[in-house]
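One structure is given below, encoded as structure tokens.
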Amino acid sequence: MKEIALSQFWYWMILMAVASYLIGCFNFAVLIAKFRHKDVRKIGSGNPGTMNVSREFGLKVGLLNFVLDVCKGGVPALVSYLVFRDYYFGGTEIVVSDFTRYFCGVFVIVGHVYPVTMKFRGGKGIASTLGLFLFSISCENPVYIPILLGGYALILLYIALTEWGSMGSLIGVTGFSLWQGMIFFLRYDHVLGNGWVIGTFLLLLALNFLTWFAHRMNIVRLFAGEEHHTSVRKLSKGKRGMKNM
């Protein structure tokens with residue numbers, strides 16, 4: 049392991065923040081809809097994300113959008129892991145990549161939710177956040193991959209049974225955050241007061257704040273009993289099947 053000082057690291061942070069934000073600004077839902085000669089922001093719910101794409105163009109196209117958004121959230125974290133996995137912060141035993149994975153992830157989600165390219169009106173960041181956790185936790189140990197995929201399946205099962213798409217997605221984000229937080233807690237339980245450890249936990253908290261805040265209207269409608277149901281069966285039929293909802 050190599051040591052890196054803050055004086056060497058600060059400009060990497062700026063570079064990662066800018067690059068990750070710009071990556072987040074790239075919206076695949078808008079691109080996919082454009083290929084279909086439509087503007088995803090003017091159809092359905094108007095949200096440029098996986099769920100709206102699925103409703104309008106069918107589950108297969110929605111899954112394509114989901115996979116692309118998952119990669120958008122995960123690849124920057126993976127790159128930062130590969131670059132910094134052999135480094136620790138000077139004077140500590142904190143692995144740099146533990147911090148950078150979620151530092152990049154937060155800025156990707158900020159770019160997705162508040163893209164400068166779309167007048168700061170983007171998607172809600174669920175798929176990219178789930179992708180961030182998939183790639184980041186897998187970096188810890190490949191044995192986690194089947195468990196992560198099982199978590200994805202449970203989210204889908206919850207949505208299929210309750211038809212509450214937004215709540216199922218948010219529960220998934222929070223669940224994966226707690227899992228990663230527990231890993232970091234056990235790893236750094238003897239240095240929990242270290243600034244980099246605190247910063248890493250704050251990044252996990254920020255991910256939850258961003259996604260829950262982006263869904264604030266969905267939550268209000270849910271408590272008011274006005275939230276739209278998300279039928280996985282009808283999503284598979286695309287727009288034609290959704291007309292009957």
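In our numbering, the protein residues as written are 49 to 293. Heads up, the beta-carbon is just placed ideally off N, CA and C, and yes, glycines get one too. Just so we're clear, the structure is a prediction, and the values are computed from it rather than from any experiment.
- Distance from the Cα of lysine 172 is smallest, within the candidate group Ser93, Leu107, Gly273, Thr210, for Ser93.
- In the DSSP annotation of this structure, the continuous segment of the alpha helix (DSSP H) that includes phenylalanine 155 starts and ends at 144–161.
- With a threshold of 16 other beta carbon atoms within 10 Å, asparagine 189 falls short and is exposed.
- Here aspartate 87 has Val78, Ala81 as same chain residues with Cβ atoms under 8 Å from its own Cβ, once five neighbours each way along the sequence are excluded.
- Nearest to glycine 153 by C-alpha distance, out of Leu255, Ile219, Tyr236, is Leu255.
- Taken atom to atom, the span from the alpha-carbon of leucine 240 to that of phenylalanine 151 is near 18 Å.
- For phenylalanine 168, the three-state secondary structure derived from DSSP is coil.
- A straight-line Cα-Cα distance of about 26 Å links serine 214 and isoleucine 231.
- Here glycine 122 is near leucine 180, since their CB atoms are less than 8 Å apart.
- Between the C-alpha atoms of alanine 208 and leucine 196 there is a straight-line separation of about 18 Å.
- Beta-carbon to beta-carbon, isoleucine 157 and serine 145 are separated by about 18 Å, too far to satisfy the 8 Å threshold.
- Judged by their CB atoms, tryptophan 227 and isoleucine 193 are not nearer to each other than the 8 Å cut-off.
- Spatial neighbours of alanine 65 in its own chain (CB-CB distance under 7 Å, excluding positions within 5 residues in sequence) are listed in chain order as Phe155.
- For tyrosine 69, DSSP records no beta bridge to any residue.
- For lysine 50, the pairing in a beta bridge is given by DSSP as Tyr135.
- A straight-line Cα-Cα distance of about 18 Å links serine 128 and glycine 138.
- In its chain, beyond the 5 residues on either side, Gly159 have a beta carbon closer than 7 Å to the beta carbon of leucine 70.
- By the neighbour-count definition (other C-beta atoms within 10 Å, threshold 16), isoleucine 142 is a buried residue.
- Here the alpha carbons of isoleucine 62 and tyrosine 200 stand approximately 32 Å from one another.
- The Cβ-Cβ distance between leucine 178 and valine 118 falls below 8 Å.
- Runs of the alpha helix (DSSP H) lying entirely within the stretch 167–236 and spanning at least 4 residues, in chain order: 174–188, 192–210, 213–235.
- If you draw a straight line from the Cα of phenylalanine 105 to the Cα of glutamate 51, it is about 50 Å long.
- Per the C-alpha coordinates, the member of Leu204, Phe257, Gly72, Leu126 positioned closest to threonine 165 is Gly72.
- Straight-line spacing of the CA atoms in histidine 85 and lysine 120 works out to 23 Å.
- The Cβ atoms of alanine 262 and valine 115 do not sit closer than 8 Å to each other.
- Burial of alanine 125 is indicated by the presence of at least 16 other C-beta atoms within 10 angstroms of its C-beta.
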